[in-house]
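Worksheet for the structure shown next.
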Amino acid sequence: MKDISIGIYHKDHQYGKRLMEYLNHQKDFPMTASFTSDEEMFFKQEQEGDFECLVLAEETDYHGDFPVCRIGANESMGGMYCQSAKEIAAGIYHCLNVSPQIENERIFGVYSPISRLEISAFARNMAASNGWIYFGMQPYGHFEEDEADDLLLFYIKEHKEDIVLYFMEHQKKFDGCVGFAGASCYLDYRELSMQDYEWFFEKLRETGICIIFDIGIASPPDLKFFGLFDRIFLPLMRQDLGCMEYKKFQKQMRKHGVWKLTNWEEVMLESWKNKGGRGQWP
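In structure tokens, the structure reads:
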């Protein structure tokens, strides 16, 4: 597929820059996006034919010949910031009448550098809503002691050949979903090496099952662990987008080359709650 050049103009510099970064990073709808909050510069580039499609706010006046994807405001959520960037990417392809080449994603993660109980609730809801298996990796778990199964991690470390069969036969039901509630302590997850996790993920892919990992802040053994997933959801509150913890997290992910290893999808928890906690995907 040839490269698609997209131009974004928005008065809100922070929002426009984040949207550009998302569009350039996501893989479902490949494109190259550029952004400016300088109206004169943007329309000069537009006249020079630098873009195939424009991304503009609803209030931006445009009467040119290029396809336009409008960024609408979500009044119930206090503005356009809660609009899904994935929907904007899909809208761009719709404007250009292009079909995306969507990969067959089966292994998902949920992670946030900012700890909140809603994050695990989101992961469990995604599992229940989509029929995915839940794999808990929270530091100390959110369930009763008898729901923990530390043997599973031991068998992964031992590279037990029928690991997936054991996993499926020992699933437990909790909070509307089924799967592995989690170990008793985050240190148990760190007993496994990257090679152990790579082996386990390969076994999961061989079966074709869909699974979602609820990843605690202290649980990953290595930053490259994130690269094992097809997609990682980042549940955040709107105020998190500009906070220091999230900025430092993104900086470290880029510094170590992890940001490009998988699809990261920001999910606004306010929007998710507004839908009644429904998490059917996509």
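All residue numbers for the sequence shown refer to the numbering used here, where the first residue is 12 and numbers rise by one.
All residues carry an ideal CB built from backbone N, CA and C; glycine is no exception.
Just mark residue i as buried or exposed, buried being the case when its beta carbon has 16 or more other beta carbons within 10 Å.
i: Glu70; result: exposed
i: Lys184; result: exposed
i: Lys97; result: buried
i: Tyr73; result: exposed
i: Leu30; result: buried
i: Glu276; result: buried
i: Glu59; result: exposed
i: Gly120; result: buried
i: Ser230; result: buried
i: Met255; result: exposed
i: Asp61; result: exposed
i: Met52; result: exposed
i: Gly187; result: exposed
i: Ser131; result: buried
i: Gly193; result: buried
Using three-state DSSP, classify residue i as helix, strand or coil.
i: Gly190; result: strand
i: Asp23; result: coil
i: Ala229; result: coil
i: Phe185; result: strand
i: Phe146; result: strand
i: Phe133; result: helix
i: Asp157; result: Below a pLDDT of 50, predicted positions are generally treated as unreliable, and Asp157, at 49, falls in that range; the measurement from the model is reported next regardless. Here Asp157 sits in helix by DSSP.
i: Phe244; result: strand
i: Phe62; result: coil
i: Ser294; result: Residue 294 is absent from the structure shown; the chain starts at 12 and stops at 293.
i: Asn85; result: With a pLDDT of only 47 at Asn85, under 50, the local geometry of the prediction cannot be trusted, and the value read off the model is given with reservation. Correct three-state label for Asn85: coil.
i: Gly268; result: coil
i: Phe54; result: helix
i: Phe237; result: helix
i: Phe224; result: strand
i: Phe260; result: helix
Measuring alpha carbon to alpha carbon, tell me which of the options ends up nearest residue i.
i: Pro78; options: Glu57, Tyr197 and Leu234; result: Glu57
i: Met137; options: Tyr151, Gly102, Val189 and Gly253; result: Val189
i: Leu272; options: His36, Ile17, Tyr151 and Tyr20; result: His36
i: Gly102; options: Tyr257, Ala194 and Val66; result: Val66
i: Leu164; options: Trp143, Ile144, Tyr200 and Ala192; result: Tyr200
i: Trp283; options: Ala134, Asp233 and Ile99; result: Ala134
i: Glu32; options: Ala44, Lys38, Phe40 and Asp39; result: Ala44
i: Phe240; options: Phe40, Gln149 and Arg117; result: Arg117
i: Ile167; options: Tyr208, Tyr145, Ala139 and Asn141; result: Tyr208
i: Cys64; options: Asp76, Ile17 and Met42; result: Ile17
i: Ile222; options: Asn141, Ala68, Leu34 and Tyr20; result: Asn141
i: Ala100; options: Ser195, Ile220 and Asp39; result: Asp39
i: Tyr104; options: Leu198, Ala194, Gln261 and Pro41; result: Pro41
i: Asp173; options: Thr218, Cys196, Phe146 and Gly238; result: Thr218
i: Phe237; options: Met148, Met279 and Lys258; result: Met148
Where does the unbroken beta strand (DSSP E) through residue i begin, and where does it stop?
i: Thr47; result: Thr43 to Thr47
i: Cys106; result: Cys106 -> not in any beta strand (DSSP E); alpha helix (DSSP H) instead, spanning Ala96 to Leu107.
i: Trp275; result: Asn274 to Met279
i: Phe211; result: Run containing Phe211: none in the beta strand (DSSP E); it sits in the alpha helix (DSSP H), Met205 to Thr218.
i: Phe40; result: That residue, Phe40, is in no beta strand (DSSP E); it is neither H nor E in DSSP.
i: Phe119; result: Ile118 to Val121
From what residue to what residue does the alpha helix (DSSP H) around residue i run?
i: Met179; result: Ile174 to Glu180
i: Leu252; result: First-last for Leu252: undefined, no H or E at that position.
i: Ile167; result: Asp161 to Lys168
i: Tyr151; result: Here Tyr151 belongs to no alpha helix (DSSP H), and DSSP marks it neither H nor E.
i: Arg201; result: Tyr197 to Arg201
Compare the C-beta of residue i with all C-beta atoms of chain C and state if any pair is closer than 9 Å.
i: Lys266; result: No chain C appears in this structure, which consists of one protein chain only.
Query - Contact the segment 38 to 54 vs the segment 16 to 28: 3+ CB pairs below 8 Å - result: yes
Query raised in the report: Hey, is the segment 203 to 213 in contact with the segment 246 to 254, meaning 3+ C-beta pairs nearer than 8 Å?
Result: no
Report task. Kindly confirm or deny that the segment 196 to 208 and the segment 112 to 131 touch, where touching means at least three C-beta pairs closer than 8 Å. Result -> no
**Report entry** Segment contact flag, the segment 176 to 190 with the segment 226 to 244, C-beta cutoff 8 Å, min 3 pairs
**Finding:** no
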